[in-house]
Amino acid sequence: MTLDFITPVVDDPFTYGQIAAANALSDVYAMGGRPLVALNIVGFPVTCEPLEVLSEILKGGQERVNAAGAVLAGGHSVDDGEPKYGLAVFGEVDAAKMWKVTGVRPGDALILTKPLGTGLVATAIKAGAADPGETEAAVRSMRALNDLPARLPGELLAEVHACTDVTGFSLAGHLLDMLSDGSLEARLSPGELPLLPGALEKAEMGFIPGGSNRNMELYAPRVEGLEKMPGALPALLFDAQTSGGLLLAVSEGAAGRFLEACHEAGFPHAAKIGVFVEGPERIRIW
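Okay, so the sequence shown: first residue is 0 according to numbering that gives the first Met the number 0, each after it adds one.
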């Protein structure tokens, strides 16, 4: 059972509902599971916004739950000054095959399934500074389900030793969680990071959300070699994501086949972005 909800990241209520639902469903997928039943979690300013807006938000959420093959079984709403929407999700997974945040092995490949930059682009969208192509690419990424466990064959899923999804604590924060056993270092290849169109430019222009600044303060001391990353690229490492991709530790020998399967399964931006080695608990820019 998981729960997640967010405030709007786009203006269109239906799209917001899709993104919020995909974001909430992701926690089940990150454990290698499949969602079964979901409940709406809603905060809505009933005296300030038309109920038609709420209806569209719920329709967007319903569409994503349907796409996940789950059942939306009701929910609960409260009057709130700012719209909030998400889901409580009940899923299932074989306990013997469940993915956990820890469990990384030395030599594992580090694979990310979605491009980075949703925080930067969403901030630019709110400021009217993102062009239509950048907006569409970000929306397409955020509303895409992280349903990798439903799309890859079992023999490849068995090559996953650890997994998490990249959300508000950024790539750096979630990657450091994977190292919490204390005896591993993540060597990150910045040139391999998949980025949303316009994300790097938005970082250079200063469209950095507050959550990303907090991430940098928290996690930068545990990242060695940030000076090797050109320009504003470090901002992508700490960018607070909404409905970001899965971050997986995969057996190095299976990484090529795993990536090929990801691409064929509808994750075209999936990339190997680094490797895990024995060492101090840190991220090292390589």
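We put the CB at the ideal spot given by N, CA and C, even for glycine.
Integer Cβ distance of residue i from residue j, believed to fall under 8 Å
i, j, result
"G172", "N214", "6 Å"
"L109", "A260", "Not quite, the Cβ-Cβ distance comes to about 17 Å (not below 8 Å), so this is no contact."
"F4", "I40", "5 Å"
"S211", "G118", "5 Å"
"L192", "I282", "Not confirmed; about 12 Å, so no contact."
"F275", "A185", "6 Å"
"A19", "G85", "5 Å"
"A149", "G102", "With a Cβ gap of about 21 Å, A149 and G102 do not count as contacting."
"L368", "L170", "The structure shown does not extend to residue 368, since the chain is modelled only from 0 to 285, so the question has no answer here."
In DSSP terms, what residue i is bridged to
i, result
"E223", "R283"
"V36", "V70 and F89"
"L24", "In the DSSP output, where bridge partners are listed per residue, L24 has none listed."
"T163", "L246"
"E277", "L183"
"L111", "L246 and A270"
"Y84", "I5 and V41"
"L119", "Per DSSP, none; premise fails for L119."
"L194", "L115"
Whole-angstrom distance between residue j and residue i, CA atom to CA atom
i, j, result
"G73", "A37", "8 Å"
"V249", "L2", "27 Å"
"E51", "P44", "12 Å"
"A253", "R221", "29 Å"
"R104", "A269", "20 Å"
"A21", "P279", "34 Å"
"E277", "G60", "42 Å"
"T134", "I124", "7 Å"
"G132", "S179", "38 Å"
"R33", "L199", "34 Å"
"V92", "C47", "42 Å"
"L35", "P189", "37 Å"
"T163", "L246", "5 Å"
"S76", "E263", "39 Å"
"V88", "L24", "7 Å"
"L71", "L57", "10 Å"
"G16", "L225", "36 Å"
"I284", "L183", "14 Å"
"V9", "E251", "38 Å"
"D130", "E223", "34 Å"
"A121", "I207", "10 Å"
Start and end residues, beta strand (DSSP E) containing residue i
i, result
"S76", "V70 to D78"
"L147", "Premise fails: L147 lies in the alpha helix (DSSP H), L147 to R150, not in any beta strand (DSSP E)."
"D3", "T1 to I5"
Opening and closing residue of the alpha helix (DSSP H) in which residue i lies
i, result
"T101", "From DSSP, T101 is part of no alpha helix (DSSP H); its letter is neither H nor E."
"E135", "P131 to R142"
"D11", "Neither: D11 is in no alpha helix (DSSP H) and is coded neither H nor E."
Any C-beta of chain D under 8 Å from that of residue i
i, result
"E135", "No chain D appears in this structure, which consists of one protein chain only."
Contact test: residue i Cβ vs the ligand SAM heavy atom, cutoff 7 Å
i, result
"L195", "The model depicted lacks the ligand SAM and carries no ligand whatsoever."
Inter-stretch contact at 8 Å, needing at least 3 Cβ pairs: the segment 149-157 / the segment 80-87: Between the segment 149-157 and the segment 80-87 there are fewer than three inter-stretch CB-CB distances shorter than 8 Å, so the stretches are not counted as touching.
Quick check: the segment 221-232 against the segment 135-146, are there 3 or more CB pairs under 8 Å? Contact between the segment 221-232 and the segment 135-146 is absent, because fewer than three Cβ pairs lie under 8 Å.
**Stretch-stretch touch, CB-based, cutoff 8 Å, three pairs: the segment 113-121 with the segment 63-73** = The answer is no - the segment 63-73 does not touch the segment 113-121, with fewer than three Cβ pairs under 8 Å.
With contact counted as at least three CB pairs below 8 Å, one residue from each stretch, are the segment 27-34 and the segment 88-102 in contact? Under the three-pair Cβ rule at 8 Å, the segment 27-34 counts as touching the segment 88-102.
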